[in-house]
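Right, one structure below, let's go through it.
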Amino acid sequence: MKFVLMFTFILSSSFAFDGAKHFKQNCASCHTIGGGDKTGPDLAGLSKRRKIDWIVKFVNYPEGMISGDEEEEGYEKADEVAKKVYALYKPTMMPEQELDKKQIKAILKYIDSLKKEPKGKIATLAQTKKAVRKELRKERKEAKKLNKAQKKQK
Ligand code: HEC
Numbered sequence: 297m298k299f300v301l302m303f304t305f306i307l308s309s310s311f312a313f314d315g316a317k318h319f320k321q322n323c324a325s326c327h328t329i330g331g332g333d334k335t336g337p338d339l340a341g342l343s344k345r346r347k348i349d350w351i352v353k354f355v356n357y358p359e360g361m362i363s364g365d366e367e368e369e370g371y372e373k374a375d376e377v378a379k380k381v382y383a384l385y386k387p388t389m390m391p392e393q394e395l396d397k398k399q400i401k402a403i404l405k406y407i408d409s410l411k412k413e414p415k416g417k418i419a420t421l422a423q424t425k426k427a428v429r430k431e432l433r434k435e436r437k438e439a440k441k442l443n444k445a446q447k448k449q450k
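Numbering-wise, the sequence shown is residues 297 to 450 according to the working numbering.
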């Protein structure tokens with residue numbers, strides 16, 4: 297009997313996950329899909345701008361991604377993209393969720409099904425990791441130039 301109960305529990309908890317419902321209950325207070333900024337960024341187009349593994353990692357421990365956490369495997373170093381996103385929406389830091397890859401996929405499926413484009417601040421931020429890297433490199437270069445110019449003046 298115990299086994300049967302446990303089995304039904306496992307079955308219902310893994311199969312009953314409803315991406316749309318979960319989003320509305322746990323994410324919609326801070327995120328729109330195509331409606332622009334709220335406390336957090338518009339999540340329309342999320343599956344296009346971030347890799348699934350990044351999303352899983354971020355959603356489960358936003359602070360670790362934004363600030364880095366030496367004691368947490370996989371979060372030792374702050375993530376450049378997460379830092380940029382936080383810079384746009386601070387001081388609010390997204391609360392930690394407990395969602396596995398399958399569940400995130402269900403949420404992404406729901407977001408994509410609405411076929412919306414992102415609005416708001418997130419839409420102005422470079423959308424891919426590659427683009428963010430490029431942007432950072434440019435910033436560094438400019439800082440170096442400025443530094444040189446300042447040295448010359450002395
Ligand atoms: C209390 C408000 C709040 C809730 C609830 C919330 N978030 Fe967030 N979320 C944020 C904020 C604010 C950011 C921007 C980063 C930061 O400041 O932490 C963010 C960023 C994100 C990002 C990064 C977006 C990007 O373009 O890089 C993802 C993905 C995300 N949230 C998913 C979710 C999901 C999925 C849920 C529900 C399970 C959720 N969030 C619930 C506030 C929230």
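Idealized CB from N, CA, C, for every residue including glycine. Here the structure is a predicted model, which is why all the values come from computation and not from measurement.
Q: Taking only heavy atoms of ligand 1 into account, decide whether any of them is closer than 7 Å to the Cβ of K430.
A: No, the Cβ of K430 stays beyond 7 Å of every heavy atom of ligand 1.
Q) Looking at A324 and E413, is the spacing between their C-beta atoms short of 8 Å? A) Between E413 and A324, the C-beta spacing is not below 8 Å.
(Q) Just to confirm, is the Cβ distance from A402 to G315 under 8 Å? (A) Yes; because the gap between Cβ atoms is below 8 Å, this pair is in contact.
Q) Between Q393 and Q399, what straight-line distance do the alpha-carbon atoms span, to the nearest angstrom? A) Rounded to the nearest angstrom, the two C-alpha atoms are 11 Å apart.
Q: Would you kindly check if the distance between the Cβ of Y357 and the Cβ of Y371 is under 8 Å?
A: For the pair Y371 and Y357, the CB atoms are nearer than the 8 Å cut-off.
(Q) Using 8 Å as the threshold, is the C-beta distance between M389 and I362 below it? (A) If you check the CB distance, M389 and I362 come in under 8 Å.
(Q) So for T420, helix, strand or coil by DSSP? (A) Three-state DSSP puts T420 in a helix.
Q: If I'm right that S343 touches D408 with Cβ under 8 Å, what's the distance once you round it to whole angstroms?
A: Contact holds; Cβ gap of about 6 Å.
Q: Flag I348 as yes when its Cβ comes closer than 7 Å to any non-hydrogen atom of ligand 1, and as no otherwise.
A: Outside the cutoff, so no.
Q. Hey, would you say K417 sits closer than 8 Å to D333, going by beta carbons?
A. At a Cβ-Cβ threshold of 8 Å, K417 and D333 count as neighbours.
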